[in-house]
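Undergrad: Can you keep this structure in mind? I'll have questions shortly.
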Amino acid sequence: GRFLCGVAPRPEDDHDCEDYQAVDFVDHELFEEVIWPALAERAPALEAIKLESSWAGLYEYNTLDQNGVVGWHPDVPNLMIACGFSGHGLQQAPGVGCAVAELLSLGGYKSIDLSILGYD
């Protein structure tokens, strides 16, 4: 089988990406020094894993609180926003989709209140 894992960079190593080719750089030391020990501590059998491949990419989030944004845009009429979930998007998509559908069709949240993720 295969196992996918990752971690945000340390704050001192988390720079604004102005050169998108920098995204091609994979910090293998981060895996060796941070990720692998955390995996081995959580599940000792993972200590024997072998790294097969790696990639680096941008992590999308808003800079206010690093959470997604859901709701009507305050300045652009008829623009619904549901973004900023980055790696969690696949996990949160069903709930966000349901909430956005309710907001569009019912005029408000019914089963999942995501108002905390709005612009207000």
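Note that my numbering gives residue 98 to position 73 of the sequence shown, counting from 1, and the numbers run on in steps of one. We put the beta carbon where it would ideally sit given N, CA and C, even for glycine.
Can you grab the Cα-Cα spacing for the pair A126 / V95, in whole Å?
TA: The residue given as residue 126 occupies position 101 in the sequence shown. The residue given as residue 95 occupies position 70 in the sequence shown. Between A126 and V95, the C-alpha separation is close to 11 Å.
Undergrad: Within the chosen definition, does the stretch 63 to 76 reach the stretch 113 to 122 through at least 3 CB pairs nearer than 8 Å?
TA: no
Undergrad: Going by alpha carbons, who is nearest to E57 out of I74, E43 and Q91?
TA: Here residue 57 refers to the residue found at position 32 when the sequence shown is read from its first residue. If we check each option's Cα against that of E57, I74 comes out closest.
Undergrad: Which term fits V101, buried or exposed, when burial requires 16 or more other beta carbons within 10 angstroms of its beta carbon?
TA: Numbered from its first residue, the sequence shown carries residue 101 at position 76. By the neighbour-count rule (16 or more Cβ atoms within 10 Å), V101 is not buried but exposed.
Undergrad: Once the 5 residues before and after D138 are set aside, which same chain residues still bring their CB inside 8 Å of it?
TA: As a first step, residue 138 is located in the sequence shown; it is residue number 113 there, counting from the start. Cβ neighbours of D138 beyond the five flanking positions: A124.
Undergrad: On the three-state DSSP scale, how would you describe W97?
TA: Looking up residue 97 in the sequence shown gives position 72. If DSSP states are grouped into helix, strand and coil, W97 belongs with the strands.
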